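Position 223 (the sequence shown) corresponds to 223 in full-length UniProt numbering; numbering is contiguous. Ideal Cβ placement from N, Cα and C applies to all residues, glycine included. Here the structure is a predicted model, which is why all the values come from computation and not from measurement.
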Amino acid sequence: MSQEGVPVKRRRENGPDEQPDLRELVKKNISATQEIKTMVNNQEKNILETIEKLEDQRENTGWLIRELVKIGAQINAENKKSLDKKFVLNEIFCDMLTMKDGDYRYGKCYEHFGQTWRIVVKRQDNYLGVYMGINKLGNTEKWSAETFHSLELSVGRVCRDTIRQEGNFDGYNMYGALKFCTWQEMQNRWLVDGKLTVKAEVHIRKLAGSVKPKLIDFDASAKFSDYILEVGGQKFHVLKQLLAMRSPYFEALFYGNFTESTKDATELKNVDPNDFQNFLEVLHGEYKAIDDYTLEGIMLLNDVYDAKTVAERCQEFLMEKSQLSLVKKLKLVSKYKNDELKEKLLSEIKTLEKYKSIVADGVDDFSLDVAQALLKKSLTLQ
């Protein structure tokens with residue numbers, strides 16, 4: 001029993017009675033709280049450091065992925081086979097400030113798909129006009145081209161302005177923008193040391209007219225034909241077995257698991273009938289169908305149809321007979337992959353001046369392997 005007002009001593013289990021020391025308890029609680037806070041702070045610090053490392057890794061991984069995607073896209077673009085007729089022209093016009101009202105400046109001519117193309121600029125009523133020009137080649141009396149193209153002014157890689165429009169070259173040799181921008185804007189925004197940089201991207205939708213007479217008729221009078229291929233509104237009467245023997249594409253088309261194999265006619269879309277006429281002639285042994293005007297169209301089709309005979313004849317022509325410029329030949333090699341021809345063309349670059357002119361003209365059209373080969377070549381030139 002205890003007297004009233006006197007605190008009762010607490011009894012330890014299996015031990016002597018003990019009066020609790022409140023100050024010691026408070027001290028211990030404060031110490032424990034501080035330890036917990038320190039542990040929490042350390043954990044938070046470790047967590048933040050881990051998050052930062054993960055973010056760094058994620059950023060590095062993201063950068064790597066983005067770079068791999070770019071490389072993959074470039075490789076896919078180079079390896080993708082297409083029947084589209086496309087090309088790019090780049091031109092630098094000098095001394096623009098000396099142009100007077102009504103003056104034209106003409107860029108260099110470049111051969112693409114049997115015709116020569118160039119960029120033209122004009123000063124008219126204090127406006128800058130930018131045009132795509134074309135010069136008809138061959139002996140065609142009636143010729144026209146339907147195109148989609150863009151015209152672009154640029155300064156470096158950041159500042160640029162582009163217009164896109166239809167171009168129908170039917171009786172005219174130029175098509176573009178009469179008032180691309182004011183002459184004052186051109187001076188203030190696009191001119192660098194009196195030079196104007198213009199880029200044109202052209203997609204040929206349709207070409208009408210042929211630069212050479214037919215060597216073989218594939219009309220209804222064709223002997224031994226058993227199938228009709230419709231191309232651009234024209235009908236080509238062909239022998240399936242002959243095409244299938246020389247082209248894996250037509251072998252699959254005629255004898256594979258396609259609905260076309262059960263028919264006696266089909267349409268080949270996005271194919272130029274003039275190019276197809278020339279391709280068929282070469283496939284049938286008329287190698288005279290290949291010349292500097294028809295070569296690129298034939299190679300374009302054979303990139304998809306993959307006829308070994310056609311590829312060999314085109315290579316032979318390029319190596320022995322073609323009068324195309326060296327840079328144009330390298331562009332064709334870039335697009336249609338031919339290591340033997342690439343090495344031969346590179347061996348023809350014997351001076352640094354020649355090397356610089358080729359790189360300046362073809363920098364946007366060379367494939368990765370040709371660009372690397374040119375870089376190695378430059379190290380051997382004085």
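**Proximity of Tyr355 and Asp306 at Cβ, strictly below 8 angstroms** = no
**Asked** Can you list, in chain order, the residues of its chain whose CB lies under 7 angstroms from that of Asp364, leaving out five sequence neighbours each side?
**Response** Val88, Asn90
**Request:** Tell me whether Asp217 sits in a helix, a strand or coil according to DSSP, three-state version.
**Result:** coil
**Prompt:** Hey, how far is the Cα of Leu283 from the Cα of Phe236?
**Reply:** 14 angstroms
**Message:** Suppose contacts are defined by Cβ-Cβ distances below 8 angstroms. Is Trp190 in contact with Leu153 by that definition?
**Reply:** yes
**Prompt:** Looking at C-alpha atoms only, which residue of Leu330, Asn168, Glu348 is the closest neighbour of Glu368?
**Reply:** Before going further, note that residue 368 is Leu rather than Glu in the sequence given. When only C-alpha atoms are compared, the closest one is Leu330.
**Prompt:** With a CB to CB cut of under 7 angstroms and the five nearest residues on each side skipped, what residues in its chain are close to Pro273?
**Reply:** Val231, Gly232, Gln234
**Request:** Within 10 angstroms of the Cβ of Tyr255, are there 16 or more other Cβ atoms? Answer buried if so, exposed if not.
**Result:** exposed
**Message:** Run through the DSSP bridge pairs and tell me what Gln124 is partnered with.
**Reply:** Tyr127
**Asked** Helix, strand or coil: how does DSSP classify Asp161 here?
**Response** strand
**Asked** Under 8 angstroms, do Asn151 and Phe180 count as touching if we go by C-beta distance?
**Response** Residue identity check: residue 151 is Leu in the sequence provided, not Asn. Yes, the pair counts as a contact, with Cβ atoms nearer than the cut-off.
**Minimum C-alpha distance to Leu128 - residue among His149, Glu185, Phe148, Gln315** = Glu185
**Item:** Spatial distance of Met96 from Tyr227 (CA atoms)
**Value:** 57 angstroms
**Request:** Ignore the nearest five residues each way along the sequence and tell me which others in Leu374's own chain have a CB closer than 6 angstroms to its CB.
**Result:** none
**Prompt:** Are Val120 and Tyr110 touching if we call contact CB-CB under 8 angstroms?
**Reply:** no
**Prompt:** In whole angstroms, what is the alpha-carbon distance linking Cys94 and Lys263?
**Reply:** 59 angstroms
**Prompt:** Thinking C-alpha only, which one of Ala265, Met319, Tyr336 is nearest Ile298?
**Reply:** Tyr336
**Asked** Where does Pro16 land, buried or exposed, given buried means 16+ other C-beta within 10 angstroms?
**Response** Unreliable positioning characterises Pro16 in this predicted model, as indicated by a pLDDT of 48, which lies under 50. A coordinate reading is not provided.
**Request:** Sort Asp303, Gln323, Phe276, Asn302 by Cα distance to Asp291 and report the nearest one.
**Result:** Gln323
**Message:** Just list the residues that DSSP pairs His112 with in beta bridges.
**Reply:** Gln115
**Request:** Could you tell me which residues DSSP pairs with Ser144 in its beta bridges?
**Result:** Ala208
**Request:** Compare the C-alpha of Asp84 against each of Gly167, Val198, Lys199, Thr147 and name the closest.
**Result:** Thr147
**Prompt:** According to the Cβ coordinates, are Arg313 and Tyr293 closer than 8 angstroms?
**Reply:** no
**Request:** Could you pull the start and end residues of the alpha helix (DSSP H) that Lys342 belongs to?
**Result:** 339-347
**Rounded C-alpha distance that separates Thr266 from Ser247** = 17 angstroms
**Message:** Can you tell me whether Cys94 is helix, strand or coil according to DSSP?
**Reply:** coil
**Message:** Can you look up Gln323 in the DSSP assignment and give me helix, strand or coil?
**Reply:** coil
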